[in-house]
Amino acid sequence: MDKFESWYNHLRKLVGRRFNSRTLTVGMLPHKKDQLLELLQVWVSRSSFDLLEIAHLLGTLENHTKYARWARCWCCALQNAVRRALTARFHIVSRRFNRAGREVHLRRELPASLLGRIESLVLRERAKLLWTTRQRFAVDADMRTSLQHLQAYVSSAESPWEVPLGLIVPREPHFSSRGDASTAGGGAYCLKLGFWFDVIWSPRTVRGARDLPSNADDFVHINSLEFIVVVLQLAAIVTRLRTLPRNSSCPYFPKGVPAIPVWFGETDNTVSKSWENRATARTSQGQGLVSVYAELLRVAVVHTQCEHLAGVQNIIADDISRNDFSVPLFDRAQQLFLKHPCLRPLDYFLPSPELVQLLTLRLYSRHIPVPCVLPQVLGQFLPVDSTISGSAVL
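Per the numbering used here, residue 418 is the first one in the sequence shown, and the count goes up by one each step.
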């Protein structure tokens with residue numbers, strides 16, 4: 418059998434990736450790693466780029482991080498650069514089209530039967546002018562930091578962005594949770610893992626969400642608050658799974674804790690669902706919060722599935738997020754327990770001060786091009802009547 422080992426072994430090359438049937442993982446082929454390192458080496462030393470060059474780089478990185486969702490936010494600085502370049506070019510092209518009267522000319526020259534194609538023709542010509550330009554754009558500090566981080570990671574990792582197959586293959590969820598947020602606070606619950614939590618927004622956050630215009634420095638979008646609740650749900654799940662016994666005595670999994678559990682999260686905010694599914698965002702505020710979520714994905718071997726839930730069906734989480742936060746936690750919880758008795762036997766999850774501080778920093782800071790460092794302790798589970806219980810304020 419040894420003579421066939423080089424031909425028929427546990428490693429397989431499929432769709433441009435290396436599959437390992439022993440470790441049940443999928444990763445990068447060695448020669449593709451070398452090609453990517455060469456490409457990153459060129460980019461680290463560059464001072465400028467055009468749109469086609471950076472589109473090629475982003476396409477390559479997107480292909481390699483297809484299954485490693487936690488690495489997609491590492492490219493946010495590059496995506497921001499493309500967005501700025503395209504926006505600048507689009508305004509130039511639009512002014513050029515308006516001065517030349519291109520659309521008016523097409524309306525005059527085309528027969529009536531083709532007038533419906535004017536919009537597509539104009540958009541096609543604009544796209545051609547956008548992408549065929551050789552205009553150069555400077556590589557800024559955020560881009561260079563991101564490129565250096567990518568280069569350091571790829572060169573040091575034996576198999577960059579290798580992930581277990583259990584994180585890719587769709588499966589039935591082992592547990593589910595629901596969360597919601599308002600401009601007063603947020604909260605979520607998970608019956609299967611036996612926990613619930615709420616979080617109070619600080620006066621600064623409330624003011625940013627209710628009173629400030631969108632161009633203000635401290636403006637906070639409701640989408641960001643909704644996603645913070647999603648992040649805290651995953652933090653609570655990771656904390657719970659870390660403390661469970663890995664045998665059949667586990668109260669939440671009588672048959673034993675799954676090696677790669679599947680979490681099904683439900684939210685009534687479509688943007689939070691999109692950020693969770695893609696592990697990236699367009700706004701700098703969203704990118705900061707997604708980077709925290711991505712690090713949780715990286716350290717926790719949990720298959721996540723987030724779907725939209727109609728607001729009228731998200732009753733319990735909605736009541737948690739819209740509770741009277743002016744009263745103490747114990748009294749507030751008793752009001753919830755009277756209305757929703759299913760919450761009474763659940764533990765209360767209290768995020769650690771370090772995690773709250775990290776989320777606050779990422780909420781109010783401009784995009785930071787390197788991954789965040791998670792605290793060692795994400796939180797703890799407490800009874801509501803504990804003397805140290807008290808809602809986190811963010």
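Positions of the beta carbon are idealized from the N, C-alpha and C atoms, including for glycine.
Report the CB separation of Glu693 from Cys789 in whole angstroms; it is logged as a contact under 8 Å.
Start at 1 with the first residue of the sequence shown, and residue 693 comes out as number 276. Start at 1 with the first residue of the sequence shown, and residue 789 comes out as number 372. So it is not a contact: roughly 17 Å between Cβ atoms.
What's the call for Lys545, buried or exposed, on a 16-neighbour Cβ count within 10 Å?
As a working mapping, residue 545 is identified with position 128 in the sequence shown. Answer is exposed; the Cβ neighbour count stays below 16.
Among all the DSSP beta bridges, which residues are the ones paired with Asp597?
Counting from one through the sequence shown, the residue named residue 597 turns up at place 180. Answer is Gly604.
Anyone know if the C-beta pair for Pro762 and Gly611 falls short of 9 Å?
If you number the sequence shown from 1, residue 762 lands on position 345. If you number the sequence shown from 1, residue 611 lands on position 194. Contact annotation: Pro762 and Gly611 have beta-carbon atoms nearer than 9 Å.
Which parts of the stretch 459–487 are runs of the alpha helix (DSSP H), unbroken and 4 residues or longer, counting only runs that do not cross its ends?
468–481
Throw me the rounded Cβ distance for the Leu567 and Trp491 pair, which I believe falls under 8 Å.
Counting from one through the sequence shown, the residue named residue 567 turns up at place 150. Counting from one through the sequence shown, the residue named residue 491 turns up at place 74. Between Leu567 and Trp491, the beta carbon gap of about 6 Å places them in contact (Cβ cut-off 8 Å).
Where Ala717 and Ile509 are concerned, what is the direct C-alpha to C-alpha distance, given to the nearest angstrom?
To locate residue 717, count along the sequence shown from 1; it is residue 300. To locate residue 509, count along the sequence shown from 1; it is residue 92. Spanning the two alpha carbons is a distance of roughly 46 Å.
DSSP has Pro581 in a bridge; who is on the other side?
Counting from 1 along the sequence shown, the entry for residue 581 is found at position 164. Thr442, per the DSSP bridge assignment.
Is Ile645 buried or exposed, if buried means 16 or more other CB atoms sit within 10 Å of its CB?
The residue given as residue 645 occupies position 228 in the sequence shown. Burial call: buried.
Going by DSSP in three states, Val679 sits in which element: helix, strand or coil?
Locating residue 679 in the sequence shown gives position 262, counting from the first residue. Correct three-state label for Val679: strand.
Residue ranges of each beta strand (DSSP E) run of no fewer than 3 residues wholly in the stretch 732–810, ordered along the chain?
764–768 and 796–799
Could you please give the first and the last residue of the uninterrupted alpha helix (DSSP H) stretch that includes Leu567?
Taking the sequence shown and counting its residues from 1, the one referred to as residue 567 is at position 150. Residues Ala558 to Ser573.
Counting only the same chain and skipping the five closest in sequence on each side, list residues whose C-beta sits under 8 Å from that of Thr550.
Locating residue 550 in the sequence shown gives position 133, counting from the first residue. Within the same chain, Thr550 has close Cβ partners Asp467, Leu468 and Arg506.
Please classify Thr656 as buried or exposed, where buried requires at least 16 neighbouring CB atoms within 10 angstroms.
On the sequence shown, position 239 is the one that residue 656 refers to. The Cβ neighbour count for Thr656, taken over all protein chains shown within 10 Å, is at least 16; the residue is labelled buried.
Run the CB neighbour count on Ala727, radius 10 Å, all protein chains shown included, and call it buried at 16 or more, exposed below.
Walking along the sequence shown from the start, residue 727 turns up at place 310. Its Cβ having fewer than 16 others within 10 Å, Ala727 is exposed.
Give the DSSP-derived three-state secondary structure of Val510 in the structure shown.
Within the sequence shown, residue 510 is the residue found at index 93, counting from 1. Val510: helix per DSSP, three-state reduction.
Could you give the C-beta distance for Trp613 and Leu760, rounded to a whole number, given that I count them as a contact under 8 Å?
Against the sequence shown, residue 613 aligns to sequence position 196. Against the sequence shown, residue 760 aligns to sequence position 343. Taking the Cβ atoms as the reference, Trp613 lies roughly 5 Å from Leu760, within the contact range of under 8 Å.
Within 10 angstroms of its Cβ, does Gln365 collect 16 or more other Cβ (buried), or is it exposed?
Outside the displayed range of the chain (418 to 811) lies residue 365, so it cannot be described from this structure.
Leaving out the 5 sequence neighbours to the left and right, which residues in its chain are closer than 6 Å to Ser593 when beta-carbon positions are compared?
As a first step, residue 593 must be located in the sequence shown, where it is residue number 176. Once the five neighbours on either side are set aside, the close Cβ partners of Ser593 are Phe681.
Starting from Trp618 and walking both ways along the beta strand (DSSP E), at which residues does that stretch end?
Here residue 618 refers to the residue found at position 201 of the sequence shown. Segment: none, Trp618 is in no beta strand (DSSP E) and carries neither H nor E.
Would a C-beta distance cut-off of 9 Å place Asp615 and Phe742 closer than the cut-off?
Here residue 615 refers to the residue found at position 198 of the sequence shown. Here residue 742 refers to the residue found at position 325 of the sequence shown. Taking 9 Å as the Cβ cut-off, Asp615 and Phe742 qualify as a contacting pair.
Pick helix, strand or coil for His591, following the three-state DSSP scheme.
For the purposes of this step, residue 591 is identified with residue 174 of the sequence shown, where counting begins at 1. If DSSP states are grouped into helix, strand and coil, His591 belongs with coil.
First and last residue of the alpha helix (DSSP H) that includes Lys690?
Reading the sequence shown from its first residue, position 273 is the one you call residue 690. Here the alpha helix (DSSP H) through Lys690 covers Thr687 to Arg695.
Does the distance from the CB of Leu780 to the CB of Leu714 come in under 9 Å?
In the sequence shown, counting from the first residue as 1, residue 780 sits at position 363. In the sequence shown, counting from the first residue as 1, residue 714 sits at position 297. It is not a contact, given that the beta carbons lie outside the stated cut-off.
Once you ignore the five residues that flank His427 on each side, which residues in its own chain have a CB closer than 7 Å to its CB?
Looking up residue 427 in the sequence shown gives position 10. For His427, where only same-chain residues beyond five positions count, the Cβ hits under 7 Å are Asn437, Ser438 and Arg439.
Could you please give me the residues that DSSP links to Gln722 through a beta bridge?
The residue given as residue 722 occupies position 305 in the sequence shown. In the DSSP output, where bridge partners are listed per residue, Gln722 has Phe681.
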